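Residue numbers (this note's numbering), protein chains in the order written: chain A, 295 to 406; chain B, 640 to 754.
Ideal placement from N, C-alpha and C gives every residue a C-beta, glycine not left out.
Keep in mind the model is a prediction, meaning the values are calculated, not measured.
To keep things clear, I will list the structure first and then write my remarks on it.
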């Protein structure tokens, strides 16, 4: 099993550009989520999904969109990048009957 | 909403000694889980230890143990026989398993183990 994979690992954007961060898991987990980690801080929840076709907002959802068309994939879209979105982004997954979150390796995003 | 507070931004310890990292949380829930995660410079999130709130016995994983005080809403991590590889950021996290198993994190404690 590859676990949770994220692409790209690094990305530089200009203000106003849009892009999609990819996340995939091969553990057949029902729950998937996106977190952001700003320098010197803990992770904060952006959006999450409890199953295909079901998404909900977390603590810091503004400026991001998500969709969950399959169990395996949970992409995060930045609609119009802003410097405040410079951060490290983590995708995570877990099963409905387990409490352990599996994290991807993260994507470092810089918005100029 | 839950909040998690780590009051020690940075700590240091000599190799082979013991160190305790503090964490407090606030919740109105009765059923929940608490975690400590380690984040080395590689930035990978590594689960160190977990505790179910309904269990009174403190969790232990090799050199890592917790002191869980439910009434005080306190969840500290003790690292015994500290090793250089323990140098990392440590995050305390709360999970309410009625909310999609999502995590609320504290701000982290940077631990430096000195030779």
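| query | result |
| --- | --- |
| From the DSSP secondary-structure annotation, give me the bridge partner or partners of residue 685/B. | 677/B |
| Determine, using beta carbons only, whether residue 360/A comes closer than 8 angstroms to chain B. | no |
| Using the beta-carbon count (16 or more within 10 Å), is residue 296/A buried or exposed? | exposed |
| Quick one: does residue 672/B have its CB under 8 angstroms from some CB of chain A? | yes |
| What does residue 745/B reach in chain A if we use C-beta pairs closer than 9 angstroms? | 336 |
| Name the two residues that bound the continuous beta strand (DSSP E) containing residue 641/B. | No beta strand (DSSP E) holds residue 641/B; DSSP gives it neither H nor E. |
| Give the residues from the stretch 377-404 of chain A that approach chain B closer than 7 angstroms (Cβ to any Cβ), ordered along the chain. | 382, 384, 388, 393, 394, 395, 397, 399 and 400 |
| What are the residues in the stretch 711-733 of chain B lying within 7 angstroms of chain E by C-beta distance? | Checking the listed chains, one finds no chain E in this structure; the protein chains it contains are A and B. |
| Between residue 656/B and the rest of its own chain, which residues show a CB-CB distance below 6 angstroms, the 5 nearest in sequence each way excluded? | 721 |
| Taking the alpha-carbon of residue 324/A as reference, which of 309/A, 346/A and 304/A has the nearest alpha-carbon? | 346/A |
| Buried or exposed, going by whether 16 or more other CB atoms sit within 10 Å of the CB of residue 318/A? | buried |
| What does residue 344/A reach in chain B if we use C-beta pairs closer than 9 angstroms? | 739 and 740 |
| Just verifying my parser: in three-state terms, what is the DSSP assignment at residue 745/B? | coil |
| Please decide whether residue 327/A counts as near chain B, where near means a Cβ-Cβ distance under 8 angstroms. | yes |
| Quick one: grab the DSSP three-state call for residue 725/B. | helix |
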